[in-house]
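**Q** Take this structure first; my questions come after.
There are 2 protein chains.
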Amino acid sequence: MKQGKQSILFEKTPYIRSCASIVGKKEGEGPLAQFFDKIIDDPTFGEETWELAESRFQLEALSLALKKGKIKKEDLRYLFAGDLQGQITGTTFAMKDIGIPIFGLYGACSTMGESLSLAAMTVAAGYADEVGALTSSHLGSAEKNFRFPLEYGNQRPLSSTWTVTGSGAFIVSSSQGSVKIKGITTGVIKDYGVKDSMNMGAAMAPAAADVIYQNLQDMDWQPEEYDQIVTGDLGSVGREILIKLLKDNSYDISKIHMDCGMRIFDDETQDTHAGGSGCACSAVTLAGYCMDKLMKKEWHRILFVPTGALLSTMSFNEGQSVPGIAHAVILERQ
Amino acid sequence: MKQGKQSILFEKTPYIRSCASIVGKKEGEGPLAQFFDKIIDDPTFGEETWELAESRFQLEALSLALKKGKIKKEDLRYLFAGDLQGQITGTTFAMKDIGIPIFGLYGACSTMGESLSLAAMTVAAGYADEVGALTSSHLGSAEKNFRFPLEYGNQRPLSSTWTVTGSGAFIVSSSQGSVKIKGITTGVIKDYGVKDSMNMGAAMAPAAADVIYQNLQDMDWQPEEYDQIVTGDLGSVGREILIKLLKDNSYDISKIHMDCGMRIFDDETQDTHAGGSGCACSAVTLAGYCMDKLMKKEWHRILFVPTGALLSTMSFNEGQSVPGIAHAVILERQ
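Top to bottom, those sequences are chains A and B.
So the first sequence is numbered by the numbering used here: it starts at 3 and just counts up by one.
So the second sequence is numbered by the numbering used here: it starts at 3 and just counts up by one.
This is the structure in structure tokens:
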């Protein structure tokens, strides 16, 4: 149960029954292509807008996770879901006809960690046997929401990231699965005063460092207890800050750290600049690549730490800083 | 524990330790003025923007709830909070320096029901002893986000609502308080195809009717088990639809129903048109008026059902419908 200042170690540990990753064409041409369940070449996924395309990704990812878990949607008691769009309309229009009780979340690109945390808390407490946790992002809807519509054809600075198009969905279960959610560490908002919206890694790294530090403290573990500590979309600058901040606090994670944003694209051939980002970046990398490593027992235990930059065009245009947040989830192969 | 299809009846029932309501000048001139803890005459609350003003309302409401509950912020293990602004920046900038683990939520104007539900689930499960649940809205930030900046001075149609400026905060506790959160019923998204963004009541009424119906079914209760069923911001048109939909399903709630949006302003003298709306509308009416009725034992048990309209300017401008959601919370005086 309660473990230290910010963590829970579950008594009745919930399982990941199944998961699914569906990505766009560019992600399907990247280094992790083989680990994704489905690659959709049409960026609008047959829909009329980028926003509805994102919703379609989310609904299809949930449907596939249900199919892989051999359960029906009616077996889900709750959904925990969110996305990057203003008022999380990506999630609303994905789930508007599904008829499952839903808790709408906003954690920016940390949403997969937030939704898995709440899903695990809900199942471990006995409130539900099967719960869906999911998130999505889409290059088209994110650029339109935060920067310029793709049709405008603006140039992207080299420090900018590329929003991942796709969705990752997990079924968290009280009884079935080979990977357990052993515990969680819930993050606090960290504001280091970063005001450069093209340098999100620097904005998010302190939040990631804080929640990883707190996890190790609460568990009384050294980093080596993890085969891998997996952050969301810090990129190379953010990674450097993360490693340094933790080293300053006597934890060296440099050899066991990976960042999903640095792995999902190959900048040399894909021209994505500073790496991948978006809620789906960590979600599909976890559902695809990381779960594969756990299932094959190449990894035994990982700490999944997706990171979110908490800004809107409004807060940015009004000159506010970009605070960060990160939520950590301990995943363990049985 | 699990009760029927969508409800939880808590075994170890959590309490409302304390709550606070802080509102703007107009709300402080309305019919419920005497029930609010604080009325702030300055619409910017000393800040530079509407958005930062909203954040100030939220932080002050939490501080006051902590003070009234005689606990320190460090005693809170989690915060469940959200607001109407895109990417919930109202919440981000309110809580960016508080240092408490936070789950960011988006449920539009149903957020107070969503945050109380998750706070109660968390405390009842033993994950925490004291948790904060809160939300806010601000006329200035909402008009700017969804319609026109106030400075533009556009005319408002008579069917439009007036976003409540303020914040309601609750401390949910494992041990202290005179009002218990006996149970919850979590809503599903309902889409009746309403496309008129000036008729939010009609968009939200089906979701409210559905969650109230499901609550009565799951509990196997008649409406009379409640002294009051309190919806968020349906307004008069939405109320009529709600009463009718439930009557069609053999439940008559007409004599025990109140809508916060219809009570918080006096349209005849305040020129607010179709009533109050916004996350704070139901939050401050619950924290002020309803909690007072419960504390004085004028009411013994109520069902709190804040309602949310799930749209963004993006979804609206792209011609999408406005789905609704509502989350129900059973509050009982000891």
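The C-beta atom is built at its ideal place from N, Cα and C for all residues, glycine as well.
At a CB distance below 8 Å, what residues from the region 79-95 of chain B approach chain A? Give them in sequence order.
**A** Here the close residues are 79, 80, 84, 86, 87, 88, 89, 90, 91, 94 and 95.
**Q** Between which two residues does the beta strand (DSSP E) harbouring residue 163 of chain A extend?
**A** What you label residue 163 of chain A is simply residue 161 of the first sequence in a count that begins at 1. From DSSP, residue 163 of chain A is part of no beta strand (DSSP E); its letter is neither H nor E.
**Q** Does the region 116-126 of chain B come close enough to the region 90-102 of chain B that 3 or more CB-CB pairs lie under 8 Å?
**A** Too few Cβ pairs lie closer than 8 Å, so no.
**Q** Give me the residue from A/172, A/200, A/324 and A/180 with the minimum Cα distance to residue 298 of chain A.
**A** What you label residue 298 of chain A is simply residue 296 of the first sequence in a count that begins at 1. Measuring from the Cα of residue 298 of chain A, the nearest candidate turns out to be A/180.
**Q** Can you list, in chain order, the stretches of the beta strand (DSSP E) that have 3 or more residues and sit fully within the region 176-225 of chain B?
**A** The region 176-225 of chain B contains these whole beta strand (DSSP E) runs: 181-187.
**Q** Which residues in chain B have a C-beta closer than 7 Å to the C-beta of residue 320 of chain A? List them in chain order.
**A** On the first sequence, position 318 is the one that residue 320 of chain A refers to. Under the 7 Å cutoff, chain B gives 51 and 53.
**Q** Output, in chain order, the set of chain B residues within a Cβ distance shorter than 7 Å of residue 325 of chain A.
**A** Taking the first residue of the first sequence as 1, we reach residue 325 of chain A at position 323. 94 and 98, listed in chain order.
**Q** Can you find the residues in the same chain that come closer than 6 Å, C-beta to C-beta, to residue 152 of chain A, ignoring five residues on each side of it along the sequence?
**A** For the purposes of this step, residue 152 of chain A is identified with residue 150 of the first sequence, where counting begins at 1. Contacts found: 142 and 145.
**Q** Check whether chain A comes within 8 Å of residue 198 of chain B, counting only Cβ atoms and requiring the distance to be less than that.
**A** Stepping through the second sequence from its first residue, residue 198 of chain B is reached at position 196. No - not a single Cβ of chain A is within 8 Å of the one on residue 198 of chain B.
**Q** Could you say which of A/148, A/312, A/225 and A/274 lies nearest to residue 349 of chain A if we only look at CA atoms?
**A** For chain A, the structure presents residues 3 to 336; residue 349 of chain A sits outside this window and is missing.
**Q** Using C-beta distances below 6 Å, list every residue in its chain close to residue 110 of chain B, excluding the 5 sequence neighbours before and after it, in chain order.
**A** In the second sequence, residue 110 of chain B corresponds to position 108, counting from 1. Closer than 6 Å at the Cβ level, and outside the excluded window around residue 110 of chain B, lie 310, 311 and 312.
**Q** Excluding five sequence neighbours on each side, which residues of the same chain lie with their C-beta closer than 6 Å to the C-beta of residue 284 of chain A?
**A** As a working mapping, residue 284 of chain A is identified with position 282 in the first sequence. Here the set comprises 114, 234, 262 and 308.
**Q** Between which two residues does the alpha helix (DSSP H) carrying residue 245 of chain B extend?
**A** Taking the second sequence and counting its residues from 1, the one referred to as residue 245 of chain B is at position 243. Counting along the chain, the alpha helix (DSSP H) containing residue 245 of chain B begins and ends at 237-250.
**Q** Counting along the chain, where does the beta strand (DSSP E) carrying residue 21 of chain A start and finish?
**A** For the purposes of this step, residue 21 of chain A is identified with residue 19 of the first sequence, where counting begins at 1. Element bounds for residue 21 of chain A: 17-26.
**Q** Are three or more beta carbon pairs between the region 318-334 of chain B and the region 193-211 of chain B nearer than 8 Å?
**A** Segments in contact, yes.
**Q** Start and end of the alpha helix (DSSP H) containing residue 307 of chain A?
**A** Here residue 307 of chain A refers to the residue found at position 305 of the first sequence. Segment 303-307 is the beta strand (DSSP E) holding residue 307 of chain A; no alpha helix (DSSP H) there.
**Q** With 16 as the cutoff for other CB atoms within 10 Å, does residue 16 of chain B come out buried or exposed?
**A** Start at 1 with the first residue of the second sequence, and residue 16 of chain B comes out as number 14. Buried.
**Q** Identify which residue in B/172, B/216, B/275 and B/229 has its Cα closest to the Cα of residue 247 of chain B.
**A** Against the second sequence, residue 247 of chain B aligns to sequence position 245. Minimum Cα distance to residue 247 of chain B is reached at B/216.
**Q** How about residue 17 of chain B: is its C-beta nearer than 8 Å to some C-beta of chain A?
**A** As a first step, residue 17 of chain B is located in the second sequence; it is residue number 15 there, counting from the start. It does not: the Cβ of residue 17 of chain B has no partner Cβ on chain A nearer than 8 Å.
**Q** What residue range is occupied by the uninterrupted alpha helix (DSSP H) comprising residue 119 of chain A?
**A** Translated into positions along the first sequence, residue 119 of chain A becomes position 117. First-last of the alpha helix (DSSP H) with residue 119 of chain A: 113-126.
**Q** Tell me which residue opens and which closes the alpha helix (DSSP H) that residue 297 of chain A is part of.
**A** Start at 1 with the first residue of the first sequence, and residue 297 of chain A comes out as number 295. 293-297 is the extent of the alpha helix (DSSP H) around residue 297 of chain A.
**Q** Between which two residues does the beta strand (DSSP E) carrying residue 230 of chain B extend?
**A** Here the question's residue 230 of chain B lines up with position 228 in the second sequence. Here the beta strand (DSSP E) through residue 230 of chain B covers 230-233.
**Q** Do residue 292 of chain A and residue 138 of chain A have their CB atoms nearer than 8 Å?
**A** By one-based count along the first sequence, residue 292 of chain A stands at place 290. By one-based count along the first sequence, residue 138 of chain A stands at place 136. Against a cut-off of 8 Å, the Cβ pair of residue 138 of chain A and residue 292 of chain A comes out as no contact.
**Q** Check whether the Cβ atoms of residue 18 of chain B and residue 174 of chain B sit closer than 8 Å, and answer yes or no.
**A** Your numbering for residue 18 of chain B matches position 16 in the second sequence. Your numbering for residue 174 of chain B matches position 172 in the second sequence. Yes, these two residues count as a Cβ contact at 8 Å.
**Q** Indicate whether at least one CB of chain A lies closer than 8 Å to the CB of residue 108 of chain B.
**A** As a first step, residue 108 of chain B is located in the second sequence; it is residue number 106 there, counting from the start. For residue 108 of chain B, the answer is yes, since a Cβ of chain A falls inside 8 Å of its Cβ.
**Q** Counting only beta-carbon separations shorter than 8 Å, does residue 189 of chain B have a partner in chain A?
**A** Here residue 189 of chain B is taken as the residue at index 187 of the second sequence, counted from 1. Output row for residue 189 of chain B: interface = yes.
**Q** Taking 7 Å as the limit between beta carbons, can you name the residues of its chain near residue 251 of chain A, skipping five residues before and five after?
**A** Here residue 251 of chain A refers to the residue found at position 249 when the first sequence is read from its first residue. Result list for residue 251 of chain A: 215, in chain order.
**Q** Please name the residue in B/97, B/100 and B/130 whose C-alpha comes closest to that of residue 7 of chain A.
**A** In the first sequence, residue 7 of chain A corresponds to position 5, counting from 1. Comparing Cα-Cα distances from residue 7 of chain A to each of B/97, B/100 and B/130, the minimum goes to B/130.
**Q** Are residue 206 of chain A and residue 236 of chain A touching if we call contact CB-CB under 8 Å?
**A** Here residue 206 of chain A is taken as the residue at index 204 of the first sequence, counted from 1. Here residue 236 of chain A is taken as the residue at index 234 of the first sequence, counted from 1. Contact: yes.
**Q** Just checking: is the beta-carbon of residue 135 of chain A within a distance shorter than 8 Å of some beta-carbon in chain B?
**A** What you label residue 135 of chain A is simply residue 133 of the first sequence in a count that begins at 1. Closer than 8 Å: no.
**Q** When the distance is taken between beta carbons, is residue 21 of chain B closer than 8 Å to residue 96 of chain B?
**A** One-based indexing of the second sequence puts residue 96 of chain B at position 94. One-based indexing of the second sequence puts residue 21 of chain B at position 19. No. Outside cutoff.
**Q** Pull up the distance between the alpha-carbon of residue 165 of chain B and that of residue 306 of chain B, whole angstroms please.
**A** Working through the second sequence from its first residue, we reach residue 165 of chain B at position 163. Working through the second sequence from its first residue, we reach residue 306 of chain B at position 304. Going from the Cα of residue 165 of chain B to the Cα of residue 306 of chain B covers about 19 Å.
**Q** Enumerate in chain order the residues of its own chain whose CB-to-CB distance from residue 258 of chain B is below 8 Å, with the five nearest sequence positions on each side excluded.
**A** Your numbering for residue 258 of chain B matches position 256 in the second sequence. So the qualifying residues of the chain are 225, 226, 228, 229, 230 and 231.
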